[in-house]
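Colleague: Its first residue numbered 607, the sequence shown is counted upward by one per residue in the numbering used here.
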Amino acid sequence: MSFFSPKELVEEGDLVILYLSVNSQYPLQVRKTIKNRNGQWVENKFQSIYGILDVYSLVGKRYGEKIHLPKGWGYILRPSCELWTKNVPHRTQIIYTPDISMIIMGLGLIPGSTVVEAGTGSGSLSHAIIRAVHPTGHLYTFDFHEKRADAARVEFKDHGLSDCVTVGHRDAVSDGFADVIPCKVDAVFLDLPIPWDVVPHVQKVLKRGGKLCTFSPCIEQVQKTVEALKASEDFIQIKSMEVLQRPMSIQTKTLMSIDFNDESGCEPAEDGSTKKLAPVKKDANKFRTLCTTQTIQGHTGYLTFSTFVPAADKSS
Ligand SMILES: C[S@@+](CC[C@H](N)C(=O)[O-])C[C@H]1O[C@@H](n2cnc3c(N)ncnc32)[C@H](O)[C@@H]1O
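1. Is the stretch 699-715 in contact with the stretch 732-740, if contact means three or more CB pairs nearer than 8 Å?
2. Can you list, in chain order, the stretches of the alpha helix (DSSP H) that have 4 or more residues and sit fully within the stretch 825-861?
3. Taking Pro799 as the reference, give the member of Met854, Asp777, Ala917 with the closest Cα.
4. Return the residue from the list Ser728, Asn693, Gly743 that minimises the CA-CA distance to Ile716.
5. Measuring alpha carbon to alpha carbon, tell me which residue in Asp769, Asp785, Phe821 is nearest Val794.
6. Between the Cα of Leu659 and the Cα atoms of Gly678, Thr906, Cys824, which residue gives the shortest distance?
7. Mind checking Arg759: buried by the 16 CB within 10 Å criterion, or exposed?
8. Do Tyr908 and Val828 have their C-beta atoms within less than 8 Å of each other?
9. According to DSSP, is Lys810 part of a helix, a strand, or is it coil?
10. Please classify Val648: does DSSP put it in a helix, a strand, or coil?
11. Can you check whether the CB of Tyr681 is closer than 8 Å to the CB of Ile925?
12. Thinking C-alpha only, which one of Glu761, His775, Val808 is nearest Ala784?
13. For Ile701 and Arg684, what's the separation of their Cα atoms in angstroms?
14. Just checking, does the stretch 710-726 make contact with the stretch 751-769 on the three C-beta pairs under 8 Å criterion?
15. Go ahead and pull the three-state DSSP assignment for Phe762.
16. Any heavy atom of ligand 1 within a distance shorter than 7 Å of the CB on Arg754?
17. Taking the runs of the beta strand (DSSP E) that are 3 residues or longer, which of them lie wholly in the stretch 662-738?
18. Taking 7 Å as the cut-off, does the CB of Leu935 come closer than this to any heavy atom belonging to ligand 1?
19. When every heavy atom of ligand 1 is checked, does at least one fall within less than 7 Å of the C-beta of Gln699?
20. Taking the alpha-carbon positions, what's the Cys897 to Arg668 distance?
21. Kindly indicate which three-state DSSP category Lys641 falls into: helix, strand or coil?
22. Apply the 10 Å Cβ neighbour rule to Val805 and answer buried if 16 or more other Cβ atoms are within range, or exposed otherwise.
23. Starting from Ala778, trace the alpha helix (DSSP H) in both directions and tell me its first and last residue.
24. For Val849 and Lys859, I'd like the C-alpha separation in whole angstroms.
25. Quick one: is Thr639 buried, meaning 16 or more other Cβ sit within 10 Å of its Cβ, or exposed?
26. Cα separation between Gln646 and Leu689?
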């Protein structure tokens, strides 16, 4: 299966997203059997809030089709990068869609781009990078945690993305990337604790005019990164930002209408006029309005973008 090739029907081996509501979505592998927590192969049944789903029964269903469960229903969706980021098994903290959108745009990724990423983490961002650069581009992604690198490699293979991604197990700070990638790249993305120490390695692999983006949760990390970029004298267009999303939803609300001319509920005032005790509530009115949602994603991290222009080139 592939994340990016549109297909109509669910086939054995596909990854599907069971969509029950905005906040209840589950990635399911359509196989007859799966391994349980004890490592035993068991029938592939998924216990949802609406009852048990026989996952293998999804073979042959149409993507987008409504699925009836014992106590409700859901939809079977084709996986996308956005749905994967929402449902990815978290092996680490991940990057979410508001930051991802800005990263893809800020790095100027297009089909054919080549990119280095460290660390791979849970592969949330990697999926979006691969979608942006495929089918002719390539992502070289590295993590010094061997099991995370292995898990990401398996996931990319399961998702049909292996042709566009190479996963390496290596320490980006001590070893860099220059000896393991076959060409200079268009962009580098760093999501690791000390990006400033990776700047010398980035200088060795970026094409002239290539873009670097670093993601750091703390402002002190941003300061050190920017100092390292400036000290190298090889980076221009250095800018940092925080991306905040403000989700909205259209909702139907009910409000009582008030009749200010209704004299009932009035009493005589001392000056002879009438004093209103309380406005008279009339009918309940339903209307549609725009609401901000209750839970807004707070601070995730700061993005720092820069463009690589080696000092030697600038003077010529
Ligand atoms: C926050 S996670 C990255 C999450 C990823 N961006 C995502 O969206 O799923 C940071 C990863 O960097 C890795 N890491 C930290 N320091 C590293 C280094 N020096 N070299 C390579 N990987 C490193 C960690 O093992 C971890 O998996």
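Where is the CB? At the ideal position from N, CA and C, for every residue including glycine. Bear in mind the structure is a predicted one, so any value in this text is a computation, not a measurement.
Modeller: The answer reads as follows:
1. Under the 8 Å Cβ criterion, the stretch 699-715 counts as touching the stretch 732-740, having at least three qualifying pairs.
2. Secondary structure in the stretch 825-861: the alpha helix (DSSP H) runs of 4 residues or longer, each lying completely within the stretch, are 825-838 in chain order.
3. For this step, residue 799 is matched to residue 193 along the sequence shown. Of the listed residues, the one whose Cα sits closest to Pro799 is Asp777.
4. Locating residue 716 in the sequence shown gives position 110, counting from the first residue. The shortest Cα separation from Ile716 among Ser728, Asn693, Gly743 belongs to Gly743.
5. Counting from one through the sequence shown, the residue named residue 794 turns up at place 188. Residue Phe821 is the option with its Cα nearest to Val794.
6. Counting from one through the sequence shown, the residue named residue 659 turns up at place 53. Per the Cα distances, Gly678.
7. Counted from its first residue, the sequence shown places residue 759 at position 153. Buried.
8. Stepping through the sequence shown from its first residue, residue 908 is reached at position 302. Stepping through the sequence shown from its first residue, residue 828 is reached at position 222. In this structure, Tyr908 places its C-beta atom within 8 Å of the C-beta atom of Val828.
9. What you label residue 810 is simply residue 204 of the sequence shown in a count that begins at 1. Secondary structure at Lys810: helix, using DSSP grouped into helix, strand and coil.
10. Position 42 of the sequence shown, counted from the start, is the residue given in the question as residue 648. DSSP places Val648 in strand when its eight states are reduced to three.
11. This structure gives no information on residue 925, because the portion of the chain shown stretches from 607 to 922.
12. Position 178 of the sequence shown holds residue 784. For Ala784, the nearest C-alpha among the options comes from Val808.
13. Position 95 of the sequence shown, counted from the start, is the residue given in the question as residue 701. Position 78 of the sequence shown, counted from the start, is the residue given in the question as residue 684. Approximately 21 Å between the Cα atoms of the pair.
14. A contact is defined here as three or more CB-CB pairs under 8 Å, and the stretch 710-726 meets this definition with respect to the stretch 751-769.
15. Within the sequence shown, the letter at position 156 stands for residue 762. In the structure shown, Phe762 sits in a helix (DSSP, three-state: H, G or I).
16. Translated into the one-based positions of the sequence shown, residue 754 becomes position 148. In this structure, ligand 1 has a non-hydrogen atom nearer than 7 Å to the beta-carbon of Arg754.
17. As far as the stretch 662-738 is concerned, its whole beta strand (DSSP E) runs of at least 3 residues are 672-675, 678-683, 720-724.
18. The question about residue 935 has no answer here: the residues shown for the chain are numbered 607 through 922.
19. Within the sequence shown, numbered from 1, the residue matching residue 699 stands at position 93. Gln699 Cβ: within cutoff of ligand 1.
20. Taking the first residue of the sequence shown as position 1, residue 897 is located at position 291. Taking the first residue of the sequence shown as position 1, residue 668 is located at position 62. Roughly 34 Å separates the two Cα atoms.
21. Indexing the sequence shown from 1 puts residue 641 at position 35. Note: Lys641 maps to strand in three-state DSSP.
22. Within the sequence shown, numbered from 1, the residue matching residue 805 stands at position 199. A residue is called buried once 16 or more other Cβ atoms fall within 10 Å of its Cβ, and Val805 is buried on that count.
23. Here residue 778 refers to the residue found at position 172 when the sequence shown is read from its first residue. In the DSSP assignment, Ala778 falls within the alpha helix (DSSP H) that extends over 778-781.
24. Locating residue 849 in the sequence shown gives position 243, where the first residue counts as 1. Locating residue 859 in the sequence shown gives position 253, where the first residue counts as 1. The straight-line gap from Cα to Cα measures roughly 30 Å.
25. Here residue 639 refers to the residue found at position 33 when the sequence shown is read from its first residue. Its Cβ having fewer than 16 others within 10 Å, Thr639 is exposed.
26. One-based indexing of the sequence shown puts residue 646 at position 40. One-based indexing of the sequence shown puts residue 689 at position 83. It is roughly 28 Å from the alpha-carbon of Gln646 to the alpha-carbon of Leu689.
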